[in-house]
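Take a look at the structure below.
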Amino acid sequence: MHSEGMLFAELARVSQEVAATSARTRKTALLAELFRDAEADDVPIVIPYLAGRLPQGRLGIGWKLLSRQIAPATGPTLTVREVNARLTEIGTVSGTGSQAERSRLVGALLAAATEHEQRFLIGLLTGEVRQGALDALAAEGLAAATGAPPDAVRRAVMLAGSLQAVAGALLADGPPALDRFRLTVGRPVWPMLAHTASSVAEAVGKLGECAVEEKLDGIRVQVHRDGDDVRIHTRTLEDITDRLPELVAVARELGEQRFILDGEVIALDENGRPRPFQETSGRVSSRVDVESAARQVPVSPVFFDALSVDGRELLDLPFAERHAELARLVPEPMRVRRTLAHGPDDVAAAEEFLTETLARGHEGVVVKGLDAPYSAGRRGASWLKIKPVHTLDLVVLGAEWGSGRRTGKLSNLHLGARNPDGSFAMLGKTFKGMTDALLAWQTERLPELAAEEHRWGFTLRPELVVEIAYDGLQRSSRYPAGVALRFARLVRYREDKSPAEADTVETVLAAHPGVAARPGAAG
DNA sequence: TTCCGACAGTGGGGTCGCAAT
DNA sequence: ATTGCGACCCCACTATCGGAA
Numbered sequence: 001m002h003s004e005g006m007l008f009a010e011l012a013r014v015s016q017e018v019a020a021t022s023a024r025t026r027k028t029a030l031l032a033e034l035f036r037d038a039e040a041d042d043v044p045i046v047i048p049y050l051a052g053r054l055p056q057g058r059l060g061i062g063w064k065l066l067s068r069q070i071a072p073a074t075g076p077t078l079t080v081r082e083v084n085a086r087l088t089e090i091g092t093v094s095g096t097g098s099q100a101e102r103s104r105l106v107g108a109l110l111a112a113a114t115e116h117e118q119r120f121l122i123g124l125l126t127g128e129v130r131q132g133a134l135d136a137l138a139a140e141g142l143a144a145a146t147g148a149p150p151d152a153v154r155r156a157v158m159l160a161g162s163l164q165a166v167a168g169a170l171l172a173d174g175p176p177a178l179d180r181f182r183l184t185v186g187r188p189v190w191p192m193l194a195h196t197a198s199s200v201a202e203a204v205g206k207l208g209e210c211a212v213e214e215k216l217d218g219i220r221v222q223v224h225r226d227g228d229d230v231r232i233h234t235r236t237l238e239d240i241t242d243r244l245p246e247l248v249a250v251a252r253e254l255g256e257q258r259f260i261l262d263g264e265v266i267a268l269d270e271n272g273r274p275r276p277f278q279e280t281s282g283r284v285s286s287r288v289d290v291e292s293a294a295r296q297v298p299v300s301p302v303f304f305d306a307l308s309v310d311g312r313e314l315l316d317l318p319f320a321e322r323h324a325e326l327a328r329l330v331p332e333p334m335r336v337r338r339t340l341a342h343g344p345d346d347v348a349a350a351e352e353f354l355t356e357t358l359a360r361g362h363e364g365v366v367v368k369g370l371d372a373p374y375s376a377g378r379r380g381a382s383w384l385k386i387k388p389v390h391t392l393d394l395v396v397l398g399a400e401w402g403s404g405r406r407t408g409k410l411s412n413l414h415l416g417a418r419n420p421d422g423s424f425a426m427l428g429k430t431f432k433g434m435t436d437a438l439l440a441w442q443t444e445r446l447p448e449l450a451a452e453e454h455r456w457g458f459t460l461r462p463e464l465v466v467e468i469a470y471d472g473l474q475r476s477s478r479y480p481a482g483v484a485l486r487f488a489r490l491v492r493y494r495e496d497k498s499p500a501e502a503d504t505v506e507t508v509l510a511a512h513p514g515v516a517a518r519p520g521a522a523g
């Protein structure tokens, strides 16, 4: 006897129901029910699908390839296993003509899917299932389905770096299987992340005994060494070992055979000052001619935490003890610069450290509680980052229709600074910082200023001024002034200000002297 | 009862590699 | 040679739920 397993339509139905439910407890219950019904062979597929991901990862299929309409099937026939097999096939197509072949295969799969199934499938392929439940709720559902403690399931997932692996073991062998998922050198762990604080004083006030560390504007790396075997992973656990030969060499020279370190790689100039993020990013993205990329833009590792050293698991130790291990293993220049603060009395010294750090060209500081464990996969309350915030008064040049819960609302604003001739140069867009009330307001108000209407929204007469917060400028080949705002967000509308009082391109550039526009790019 | 941590969603700019043009 | 697309790097902020205080 051989079962065909679960119908794909069942997954689409549950996803739809999860999306239509707001209570998380109910979402979890719906997921748990589905997970319990899945046969062992289907589990490795059903779990990631309902967490909004494909077990194969991304397949090179995006919105463009999925944009054409395909007549849906009239009835559900696809099984979970068949869908998975066909997606695996699509993922392996490569070479000349591969886009056309992929498109054909995706089209055939969509043609075999009902309308509901198509919607779910497109969500999976684009990574935008939008059912209000991803890995975290799927893990909760898994716990509910198996009777395992949710905290233990979450911890296993973080240490395994994989929900799928934990799900398979748990559904096959029950809660005792969780014990198998321990921190393992060579297997990446979801990294700990930081919250934002508005000032050093606030962060030190909250954390008491703490370390104040430089925040470097580079790429997060988790480095595993087991003898000669070194692996390097990014924040999302992607393996980038082959792109960073100099980091592999460094790891092999440290004084222990087995360890897991957490840190950042960053490109520095000859004076040790950070190069623009774009250069570090470009270097770390280079995969084809790594040797020449490494010669042109070498990167330096800067470590700030140790998760495991010489077989000892350090995750649950206080940061102070983990750092002591780090300091024992990693020599000074490869450790992040830091100072200690013992509470409110040391706020001034911590602020001074931030000032120095900024003067050295770095982006800010991270304040870390000395008694806190390493909260893998979480935005721990014990890591607080502080970066200076700049603001500008810019003019709204356009507005785009939003999507998802912002459908029907004008959302993304086009932002411009004043040119000497009275025209405006666009410096970027923002959709951040808007409350529902503000979205409603600007959806009413902005069309009154319409200059042109488009499918995507409006271009507007330059009459409204907005106060915009941002983290800095970066070079841009897209915008006319040759620069773009980094992480722009709306602070408030300034209806008290006229466009003639808005900031000029010149003042914007002057505020960031390191980021000159490229010759000929000035608008 | 109120507060706050965790989550998901809504997108921003950039780079690279690859396929199509 | 150039362009468009997709994957992934950095990321801020708001709404909501539900447990903690």
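For the record, in the first sequence the residue sitting at position 318 is 318 according to UniProt numbering, with numbers rising by one throughout.
Idealized CB from N, CA, C, for every residue including glycine.
Being a predicted model, the structure only gives us computed values, none of them experimental.
Inter-residue Cα distance where the pair is residue i and residue j
i	j	result
I61	F120	15 Å
I386	S198	6 Å
A148	A177	10 Å
T504	A481	11 Å
A522	F487	The predicted model places A522 with a pLDDT of 36, which falls under 50 and marks its position as unreliable; any figure quoted below should be read in that light. Rounded to whole angstroms, A522 to F487 spans 22 Å at the Cα level.
A451	S22	39 Å
N84	A100	20 Å
H116	D42	20 Å
I260	V284	20 Å
R518	E279	Since pLDDT at R518 reaches only 46, below the 50 mark, its modelled position is unreliable, and the value read off the structure follows with that caveat. Cα to Cα, R518 sits roughly 15 Å from E279.
T25	L170	21 Å
G520	S477	Residue placement at G520 is flagged as unreliable, the pLDDT there being 37, under the threshold of 50; the coordinate-derived value follows with that caveat. Each residue's alpha carbon lies about 11 Å from the other.
A306	E82	43 Å
P175	E238	28 Å
T507	L314	49 Å
P245	A293	11 Å
L11	G272	53 Å
A172	G141	16 Å
Buried versus exposed, by CB contacts within 10 Å (16 or more), residue i
i	result
G208	exposed
P191	buried
A143	buried
H362	buried
residue 528	Since the displayed the chain opens at 1 and closes at 523, residue 528 lies outside it and no answer follows.
T74	exposed
G97	exposed
H414	buried
F8	buried
V166	buried
S411	buried
Residues near residue i in its chain [Cβ-Cβ closer than 7 Å; skip 5 each side]
i	result
A133	V18, K27, L31
R494	D393, V465, V466, E467
E256	V309, D310, L329
L159	F181, R182, L183, V189, A376
F353	V212, T339, V365
Sheet register partners of residue i (DSSP bridge)
i	result
N271	DSSP, once it has assigned bridges, lists no residue as partnering N271.
W456	Looking at the DSSP assignment, W456 forms no beta bridge with any residue, so it has no partner.
M426	G416
H116	Paired residues: none, contrary to the question.
T407	G402
R220	E264
I70	Looking at the DSSP assignment, I70 forms no beta bridge with any residue, so it has no partner.
E313	S308
S300	I266
G380	A194
E17	Paired residue(s): none; E17 is not in a bridge.
Q474	A484
H390	Y470
A341	C210
Same chain, Cβ closer than 6 Å to residue i, five either side skipped, listed in chain order
i	result
Q131	S15, V18, A19
residue 608	Since the first residue shown for the chain is 1 and the last is 523, residue 608 is missing from the structure and cannot be characterised.
D135	A51, L163
L59	I90, G91
D226	V185, G186, R258
Same chain, Cβ closer than 8 Å to residue i, five either side skipped, listed in chain order
i	result
P462	V395, V396, L397, G416, F424, P499
T407	W401
H195	R379, G380, A381, W383, L384, K385
L446	V396, A399, L410, F458, L460, L464
Rounded Cβ spacing between residue i and residue j (contact assumed at less than 8 Å)
i	j	result
T114	P72	5 Å
F319	G369	7 Å
V230	V248	5 Å
L449	L460	4 Å
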